[in-house]
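Colleague: If you scroll down you'll find the structure; I have some questions about it.
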Amino acid sequence: MRDILKKQPPIFWAAAIFLLLVLAMALAPGLFTSYDPIAQDMKSLLQKPSSAHWFGTDNLGRDIFARVVYGARLDLAIGFFAMLVPAVFGTVVGLTAGYYGKKIDAVIMRILDIFTAFPLMVLVIAIVAILGSGIRNLFIAIWLVGWREYAKLVRSEVLVAKSSEYISAARTLGYSNMRIMFRHILPNVVNSAFIYAISDIMLCMLMGASLSFLGLGVPTPTPEWGAIISEGKSFLTTSWWIAAFPGLMLALTGISISLVGEGISKRLQKNG
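Residue numbers for the sequence shown follow full-length UniProt numbering, so the first one is 1 and each next one is one higher.
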(Lines of atoms letter the chains of each structure in order from A; the text may use other names.)
(Lines give C-alpha, C1' and ligand atoms only; values in the text may rest on other atoms or scores of the structure.)
Protein backbone atom coordinates (compact mmCIF):
# COMPACT_ATOMS: atom_id res chain seq x y z
CA MET A 1 0.00 0.00 0.00
CA ARG A 2 2.85 2.38 0.77
CA ASP A 3 4.28 1.79 -2.72
CA ILE A 4 0.89 2.50 -4.30
CA LEU A 5 0.52 5.83 -2.48
CA LYS A 6 4.12 6.89 -3.00
CA LYS A 7 4.71 9.86 -5.33
CA GLN A 8 1.07 10.26 -6.34
CA PRO A 9 0.22 13.62 -7.99
CA PRO A 10 -1.69 16.34 -6.09
CA ILE A 11 -4.87 15.63 -8.10
CA PHE A 12 -4.84 12.09 -6.70
CA TRP A 13 -4.71 13.35 -3.13
CA ALA A 14 -7.41 15.96 -3.80
CA ALA A 15 -9.69 13.22 -5.14
CA ALA A 16 -8.82 10.91 -2.23
CA ILE A 17 -9.60 13.62 0.35
CA PHE A 18 -12.94 14.32 -1.32
CA LEU A 19 -13.80 10.60 -1.26
CA LEU A 20 -12.91 10.45 2.43
CA LEU A 21 -15.25 13.39 3.01
CA VAL A 22 -18.06 11.59 1.17
CA LEU A 23 -17.32 8.44 3.18
CA ALA A 24 -17.51 10.45 6.40
CA MET A 25 -20.89 11.78 5.31
CA ALA A 26 -22.08 8.23 4.72
CA LEU A 27 -20.82 6.92 8.05
CA ALA A 28 -21.77 9.87 10.25
CA PRO A 29 -24.26 12.16 8.48
CA GLY A 30 -25.35 13.64 11.81
CA LEU A 31 -21.98 15.36 12.11
CA PHE A 32 -22.63 17.37 8.95
CA THR A 33 -26.26 18.42 9.37
CA SER A 34 -28.90 18.60 12.07
CA TYR A 35 -31.81 18.50 9.61
CA ASP A 36 -33.94 15.42 9.03
CA PRO A 37 -33.60 14.52 5.31
CA ILE A 38 -37.24 13.46 4.98
CA ALA A 39 -38.90 15.96 7.33
CA GLN A 40 -41.23 18.34 5.52
CA ASP A 41 -41.47 22.03 6.43
CA MET A 42 -44.31 23.79 4.65
CA LYS A 43 -43.00 27.15 5.87
CA SER A 44 -39.73 26.71 3.96
CA LEU A 45 -40.86 25.68 0.50
CA LEU A 46 -38.40 26.19 -2.40
CA GLN A 47 -36.02 28.45 -0.50
CA LYS A 48 -32.80 29.46 -2.22
CA PRO A 49 -29.40 28.41 -0.81
CA SER A 50 -28.72 30.42 2.34
CA SER A 51 -26.95 30.26 5.68
CA ALA A 52 -29.98 28.41 7.09
CA HIS A 53 -30.21 25.96 4.20
CA TRP A 54 -26.86 25.69 2.42
CA PHE A 55 -28.27 23.91 -0.63
CA GLY A 56 -31.76 25.39 -0.38
CA THR A 57 -35.01 23.46 0.10
CA ASP A 58 -37.29 21.52 -2.22
CA ASN A 59 -41.01 21.79 -2.97
CA LEU A 60 -41.82 20.05 0.32
CA GLY A 61 -39.50 22.20 2.41
CA ARG A 62 -36.92 19.45 2.89
CA ASP A 63 -33.32 20.56 3.33
CA ILE A 64 -31.38 19.62 0.18
CA PHE A 65 -28.00 19.60 1.95
CA ALA A 66 -29.33 17.08 4.49
CA ARG A 67 -30.74 14.93 1.68
CA VAL A 68 -27.43 15.04 -0.19
CA VAL A 69 -25.46 14.15 2.95
CA TYR A 70 -27.73 11.24 3.90
CA GLY A 71 -27.89 10.18 0.26
CA ALA A 72 -24.14 9.55 0.26
CA ARG A 73 -24.67 6.45 2.42
CA LEU A 74 -27.01 4.79 -0.04
CA ASP A 75 -25.08 5.81 -3.16
CA LEU A 76 -21.78 4.50 -1.80
CA ALA A 77 -23.52 1.31 -0.67
CA ILE A 78 -24.91 0.83 -4.18
CA GLY A 79 -21.50 1.46 -5.72
CA PHE A 80 -19.61 -0.91 -3.42
CA PHE A 81 -22.02 -3.79 -2.83
CA ALA A 82 -23.34 -3.81 -6.40
CA MET A 83 -19.72 -4.17 -7.51
CA LEU A 84 -18.61 -6.71 -4.90
CA VAL A 85 -20.79 -9.71 -5.77
CA PRO A 86 -20.20 -9.56 -9.57
CA ALA A 87 -16.47 -9.00 -8.97
CA VAL A 88 -16.12 -12.14 -6.84
CA PHE A 89 -18.41 -14.29 -8.98
CA GLY A 90 -17.00 -13.05 -12.31
CA THR A 91 -13.43 -13.60 -11.10
CA VAL A 92 -14.18 -17.21 -10.11
CA VAL A 93 -15.98 -17.86 -13.42
CA GLY A 94 -13.13 -16.38 -15.45
CA LEU A 95 -10.55 -18.28 -13.42
CA THR A 96 -12.42 -21.56 -13.97
CA ALA A 97 -12.95 -20.99 -17.69
CA GLY A 98 -9.37 -19.94 -18.34
CA TYR A 99 -7.78 -22.71 -16.31
CA TYR A 100 -9.80 -25.73 -17.42
CA GLY A 101 -10.45 -24.60 -21.00
CA LYS A 102 -12.02 -26.97 -23.56
CA LYS A 103 -15.69 -27.80 -22.93
CA ILE A 104 -15.98 -25.83 -19.68
CA ASP A 105 -14.51 -22.75 -21.32
CA ALA A 106 -16.74 -23.19 -24.37
CA VAL A 107 -19.92 -23.39 -22.28
CA ILE A 108 -18.98 -20.38 -20.16
CA MET A 109 -18.03 -18.33 -23.21
CA ARG A 110 -21.37 -19.11 -24.89
CA ILE A 111 -23.18 -17.90 -21.77
CA LEU A 112 -21.01 -14.77 -21.81
CA ASP A 113 -21.87 -14.21 -25.47
CA ILE A 114 -25.56 -14.21 -24.59
CA PHE A 115 -25.06 -11.64 -21.83
CA THR A 116 -22.77 -9.42 -23.90
CA ALA A 117 -25.22 -9.37 -26.82
CA PHE A 118 -27.18 -6.66 -25.00
CA PRO A 119 -25.96 -3.38 -23.49
CA LEU A 120 -25.51 -3.59 -19.73
CA MET A 121 -27.94 -0.80 -18.92
CA VAL A 122 -30.65 -2.28 -21.14
CA LEU A 123 -30.40 -5.62 -19.34
CA VAL A 124 -30.50 -3.98 -15.91
CA ILE A 125 -33.55 -1.89 -16.81
CA ALA A 126 -35.31 -4.95 -18.25
CA ILE A 127 -34.65 -7.02 -15.12
CA VAL A 128 -35.78 -4.24 -12.77
CA ALA A 129 -38.89 -3.72 -14.90
CA ILE A 130 -39.71 -7.43 -14.50
CA LEU A 131 -38.90 -7.67 -10.79
CA GLY A 132 -40.27 -4.28 -9.86
CA SER A 133 -38.63 -1.10 -8.58
CA GLY A 134 -36.79 -0.95 -5.29
CA ILE A 135 -33.29 -1.11 -3.87
CA ARG A 136 -33.30 -4.91 -3.49
CA ASN A 137 -34.26 -5.52 -7.11
CA LEU A 138 -31.74 -2.92 -8.21
CA PHE A 139 -28.97 -4.95 -6.55
CA ILE A 140 -30.29 -8.21 -8.00
CA ALA A 141 -30.36 -6.76 -11.52
CA ILE A 142 -26.77 -5.50 -11.34
CA TRP A 143 -25.55 -8.74 -9.75
CA LEU A 144 -27.12 -10.83 -12.51
CA VAL A 145 -25.33 -9.05 -15.34
CA GLY A 146 -22.38 -7.18 -13.82
CA TRP A 147 -20.07 -10.23 -13.57
CA ARG A 148 -19.47 -10.60 -17.29
CA GLU A 149 -16.65 -8.06 -17.63
CA TYR A 150 -14.76 -9.59 -14.71
CA ALA A 151 -15.10 -13.07 -16.21
CA LYS A 152 -13.73 -11.98 -19.58
CA LEU A 153 -10.91 -9.98 -18.05
CA VAL A 154 -9.74 -12.70 -15.64
CA ARG A 155 -10.11 -15.45 -18.23
CA SER A 156 -7.77 -13.69 -20.64
CA GLU A 157 -5.20 -13.19 -17.88
CA VAL A 158 -5.43 -16.86 -16.79
CA LEU A 159 -4.88 -18.10 -20.34
CA VAL A 160 -1.50 -16.36 -20.31
CA ALA A 161 -0.58 -17.22 -16.70
CA LYS A 162 -1.32 -20.95 -16.86
CA SER A 163 1.33 -21.50 -19.53
CA SER A 164 4.10 -19.94 -17.41
CA GLU A 165 6.98 -21.92 -15.91
CA TYR A 166 5.89 -21.57 -12.26
CA ILE A 167 2.54 -23.23 -13.10
CA SER A 168 4.32 -26.07 -14.87
CA ALA A 169 6.51 -26.50 -11.77
CA ALA A 170 3.43 -26.58 -9.53
CA ARG A 171 1.88 -29.31 -11.66
CA THR A 172 5.13 -31.28 -11.58
CA LEU A 173 5.07 -31.12 -7.77
CA GLY A 174 1.61 -32.67 -7.83
CA TYR A 175 -0.37 -29.70 -6.51
CA SER A 176 -4.15 -29.93 -6.90
CA ASN A 177 -6.03 -27.82 -9.43
CA MET A 178 -7.70 -25.84 -6.63
CA ARG A 179 -4.33 -24.97 -5.11
CA ILE A 180 -2.84 -23.98 -8.44
CA MET A 181 -5.86 -21.87 -9.34
CA PHE A 182 -6.33 -20.00 -6.07
CA ARG A 183 -2.83 -19.90 -4.59
CA HIS A 184 -0.65 -19.56 -7.66
CA ILE A 185 -2.67 -18.15 -10.57
CA LEU A 186 -5.26 -15.93 -8.87
CA PRO A 187 -2.76 -13.68 -6.98
CA ASN A 188 -1.02 -12.99 -10.28
CA VAL A 189 -4.14 -12.09 -12.26
CA VAL A 190 -6.31 -10.38 -9.65
CA ASN A 191 -4.73 -6.94 -10.13
CA SER A 192 -6.58 -6.42 -13.41
CA ALA A 193 -9.90 -7.30 -11.79
CA PHE A 194 -9.12 -5.00 -8.86
CA ILE A 195 -8.35 -2.09 -11.16
CA TYR A 196 -11.58 -2.61 -13.06
CA ALA A 197 -13.52 -2.95 -9.79
CA ILE A 198 -12.51 0.57 -8.73
CA SER A 199 -14.00 2.08 -11.88
CA ASP A 200 -16.96 -0.29 -11.61
CA ILE A 201 -17.91 1.31 -8.28
CA MET A 202 -18.49 4.55 -10.15
CA LEU A 203 -20.43 2.76 -12.90
CA CYS A 204 -22.68 1.04 -10.36
CA MET A 205 -23.34 4.36 -8.62
CA LEU A 206 -24.28 5.97 -11.92
CA MET A 207 -26.45 2.99 -12.80
CA GLY A 208 -28.27 3.19 -9.47
CA ALA A 209 -28.74 6.94 -9.84
CA SER A 210 -30.01 6.48 -13.42
CA LEU A 211 -32.56 3.87 -12.35
CA SER A 212 -33.72 6.10 -9.49
CA PHE A 213 -34.01 9.00 -11.94
CA LEU A 214 -36.24 6.81 -14.13
CA GLY A 215 -38.34 5.81 -11.14
CA LEU A 216 -37.06 2.22 -11.09
CA GLY A 217 -34.57 2.48 -8.24
CA VAL A 218 -34.80 3.92 -4.76
CA PRO A 219 -38.38 4.91 -3.83
CA THR A 220 -39.20 8.33 -2.44
CA PRO A 221 -38.76 9.90 0.07
CA THR A 222 -35.53 7.95 0.70
CA PRO A 223 -32.60 10.33 0.04
CA GLU A 224 -30.55 9.14 -2.93
CA TRP A 225 -28.77 11.41 -5.36
CA GLY A 226 -30.45 10.11 -8.52
CA ALA A 227 -33.88 10.22 -6.90
CA ILE A 228 -33.30 13.79 -5.69
CA ILE A 229 -32.27 14.82 -9.22
CA SER A 230 -35.45 13.21 -10.55
CA GLU A 231 -37.54 15.12 -8.00
CA GLY A 232 -35.89 18.37 -9.00
CA LYS A 233 -36.14 18.02 -12.78
CA SER A 234 -39.55 19.70 -12.82
CA PHE A 235 -38.10 22.77 -11.07
CA LEU A 236 -34.95 23.32 -13.16
CA THR A 237 -36.05 26.71 -14.47
CA THR A 238 -37.30 28.05 -11.12
CA SER A 239 -35.48 26.13 -8.38
CA TRP A 240 -32.31 24.83 -10.02
CA TRP A 241 -30.61 23.96 -6.73
CA ILE A 242 -32.83 20.92 -6.09
CA ALA A 243 -31.25 18.95 -8.93
CA ALA A 244 -27.97 20.84 -9.29
CA PHE A 245 -26.34 20.01 -5.97
CA PRO A 246 -26.97 16.25 -5.93
CA GLY A 247 -25.96 16.17 -9.59
CA LEU A 248 -22.73 18.01 -8.77
CA MET A 249 -22.08 15.64 -5.86
CA LEU A 250 -22.58 12.61 -8.08
CA ALA A 251 -20.29 14.03 -10.77
CA LEU A 252 -17.52 14.98 -8.32
CA THR A 253 -17.69 11.59 -6.62
CA GLY A 254 -17.48 9.81 -9.96
CA ILE A 255 -14.53 11.93 -11.09
CA SER A 256 -12.76 11.37 -7.77
CA ILE A 257 -13.20 7.60 -7.99
CA SER A 258 -11.83 7.68 -11.54
CA LEU A 259 -8.79 9.73 -10.51
CA VAL A 260 -8.01 7.53 -7.51
CA GLY A 261 -8.52 4.40 -9.58
CA GLU A 262 -6.26 5.69 -12.34
CA GLY A 263 -3.54 6.55 -9.84
CA ILE A 264 -3.71 3.11 -8.21
CA SER A 265 -3.78 1.29 -11.54
CA LYS A 266 -0.72 3.11 -12.84
CA ARG A 267 1.18 2.28 -9.68
CA LEU A 268 0.12 -1.37 -9.78
CA GLN A 269 1.12 -1.68 -13.43
CA LYS A 270 4.46 -0.06 -12.68
CA ASN A 271 5.11 -2.35 -9.71
CA GLY A 272 3.91 -5.36 -11.66
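Glycine residues also receive a C-beta, built at the ideal position from the N, C-alpha and C atoms.
If we ignore side chains and look at the alpha-carbon of each, how far apart do Gly79 and Val260 end up?
Modeller: The residue you call residue 79 lines up with position 79 of the sequence shown. The residue you call residue 260 lines up with position 260 of the sequence shown. Between Gly79 and Val260, the C-alpha separation is close to 15 Å.
Colleague: For Asp63, name the three-state secondary structure that DSSP assigns.
Modeller: For the purposes of this step, residue 63 is taken as the residue at position 63 of the sequence shown. In this structure, Asp63 counts as strand in the three-state DSSP scheme.
Colleague: Per DSSP, what kind of secondary structure is Thr33 in: helix, strand or coil?
Modeller: Residue 33 sits at position 33 when you count from the first residue of the sequence shown. Coil.
Colleague: Give me the Cβ distance between Lys152 and Tyr99, rounded to the nearest whole Å; I'm assuming they're in contact under 8 Å.
Modeller: Position 152 of the sequence shown, counted from the start, is the residue given in the question as residue 152. Position 99 of the sequence shown, counted from the start, is the residue given in the question as residue 99. Not confirmed; about 15 Å, so no contact.
Colleague: Starting from the Cα of Val68, find the closest Cα among Ala170, Val190, Ala244 and Ile17 and give me that residue.
Modeller: Within the sequence shown, numbered from 1, the residue matching residue 68 stands at position 68. For Val68, the nearest C-alpha among the options comes from Ala244.
Colleague: Roughly how many angstroms lie between the CA atoms of Gly132 and Ser212, to the nearest whole one?
Modeller: Start at 1 with the first residue of the sequence shown, and residue 132 comes out as number 132. Start at 1 with the first residue of the sequence shown, and residue 212 comes out as number 212. Distance between the alpha carbons of Gly132 and Ser212 is about 12 Å.
Colleague: Taking just the CA atoms, how far does Thr222 sit from Asp200?
Modeller: As a first step, residue 200 is located in the sequence shown; it is residue number 200 there, counting from the start. As a first step, residue 222 is located in the sequence shown; it is residue number 222 there, counting from the start. Looking at the two C-alpha atoms, the distance is approximately 24 Å.
Colleague: Could you tell me which residues DSSP pairs with Thr222 in its beta bridges?
Modeller: Within the sequence shown, the letter at position 222 stands for residue 222. None; Thr222 has no bridge partner.
Colleague: What is the DSSP secondary structure of Thr238, reduced to helix, strand or coil?
Modeller: For this step, residue 238 is matched to residue 238 along the sequence shown. Reduced to three states, the DSSP call for Thr238 is coil.
Colleague: Out of Tyr175, Ala227, Arg155 and Ser258, which has the shortest C-alpha to C-alpha gap to Phe89?
Modeller: Position 89 of the sequence shown, counted from the start, is the residue given in the question as residue 89. Checked all of Tyr175, Ala227, Arg155 and Ser258; the closest Cα to Phe89 is Arg155.
Colleague: Can you list, in chain order, the residues of its chain with a C-beta nearer than 6 Å to that of Ser44? Leave out the 5 residues immediately preceding and following it.
Modeller: Residue 44 sits at position 44 when you count from the first residue of the sequence shown. Cβ within range, chain order: Thr57 and Gly61.
Colleague: For the segment 136-152 against the segment 108-120, do three or more pairs of beta-carbon atoms, one drawn from each stretch, fall closer than 8 Å, so that the two count as touching?
Modeller: With the cut-off at 8 Å, the segment 136-152 and the segment 108-120 touch.
Colleague: Do the segment 166-180 and the segment 214-234 meet, that is, are 3 or more Cβ pairs less than 8 Å apart?
Modeller: No, the segment 166-180 is not in contact with the segment 214-234.
Colleague: Opposite Thr57 in the DSSP bridges: which residues?
Modeller: Counting from one through the sequence shown, the residue named residue 57 turns up at place 57. Thr57 is bridged to Asp63.
Colleague: Buried or exposed: which applies to Asp164, given that a residue is buried once 16 or more other Cβ atoms fall within 10 Å of its Cβ?
Modeller: Counting from 1 along the sequence shown, the entry for residue 164 is found at position 164. The sequence as given places Ser at residue 164; Asp does not occur at that position. Ser164 comes out exposed.
Colleague: Report the three-state DSSP secondary structure of Asp41 (helix, strand or coil).
Modeller: Position 41 of the sequence shown, counting from 1, holds the residue named residue 41. Correct three-state label for Asp41: coil.
Colleague: Classify Leu120 as helix, strand or coil using the three-state DSSP reduction.
Modeller: Start at 1 with the first residue of the sequence shown, and residue 120 comes out as number 120. Helix, per DSSP.
Colleague: What number of angstroms, rounded off, separates the C-alpha of Ile242 from the C-alpha of Ala209?
Modeller: Locating residue 242 in the sequence shown gives position 242, where the first residue counts as 1. Locating residue 209 in the sequence shown gives position 209, where the first residue counts as 1. Spanning the two alpha carbons is a distance of roughly 15 Å.
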